[in-house]
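Per the working numbering, the sequence shown starts with residue 6, numbered consecutively. Glycine included, every Cβ here is placed at the ideal spot set by N, Cα and C. To start, the structure itself, in structure tokens.
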Amino acid sequence: MKPLGRMTRREIDAYIAEKREAMRKAEMLGVENEYRVNERQVLIAESYLIDLSQIEKGKIYKLVSNEDHYFKVEYLKGVFAWGFFIGGTEKETGIPVSMLQLKRKG
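Following this line, the structure appears as structure tokens:
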């Protein structure tokens, strides 16, 4: 398999579909750790489809999966946003940019 960063959009879409099917199967079988691994791979793959210029350093974003949680972006490294969860106790952490709720173009 090619690295995600060298795949075309079509290849990434196919990869995401494959991983979502693996998630579905893992969920049906009750294998939570396999489900979570595939879920994380989907989040990372989706990050390669995002225009990183939409993300502003120093800005606070809602998280896609949980609108009650917010993340302040300090900087980007690859397809990961590094910063802090608002109200969190952790030190700096990195999350895939696909987890950030971004404004839709158009």
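For the beta strand (DSSP E) holding LYS64, just list the boundary residues, first then last. Counting from 1 along the sequence shown, the entry for residue 64 is found at position 59. Run containing LYS64: none; DSSP gives neither H nor E here.
I'd like the span of the beta strand (DSSP E) that includes ILE49, first residue to last. For the purposes of this step, residue 49 is taken as the residue at position 44 of the sequence shown. Not the beta strand (DSSP E): ILE49 falls in the alpha helix (DSSP H), residues 37 to 52.
Restricting to Cα atoms, I'd like to know which of VAL78, ARG25, LEU34, ALA22 is closest to GLN137. Nothing can be reported for residue 137: it is not among the residues displayed for the chain, which extend from 6 to 111.
Suppose you measure from the CA of THR98 to the CA of ARG25; what does that come to, to the nearest Å? Residue 98 sits at position 93 when you count from the first residue of the sequence shown. Residue 25 sits at position 20 when you count from the first residue of the sequence shown. Looking at the two C-alpha atoms, the distance is approximately 25 Å.
DSSP three-state assignment for ILE91, whether helix, strand or coil: To locate residue 91, count along the sequence shown from 1; it is residue 86. In the structure shown, ILE91 sits in coil (DSSP, three-state: anything other than H, G, I, E or B).
Assigned exposure category for MET33 - 16 Cβ within 10 Å defines buried: Along the sequence shown, one-based indexing puts residue 33 at 28. Classification of MET33: exposed, given that the 10 Å Cβ count is below 16.
Do the region 59 to 75 and the region 33 to 42 meet, that is, are 3 or more Cβ pairs less than 8 Å apart? no
Helix, strand or coil, according to DSSP, for VAL102 in the structure here? The sequence position of residue 102 within the sequence shown is 97, counting from 1. Helix at VAL102.
Determine the direct distance from the alpha carbon of GLY93 to that of GLU51, and round the result to whole angstroms. Against the sequence shown, residue 51 aligns to sequence position 46. Against the sequence shown, residue 93 aligns to sequence position 88. Roughly 25 Å between the two C-alpha positions.
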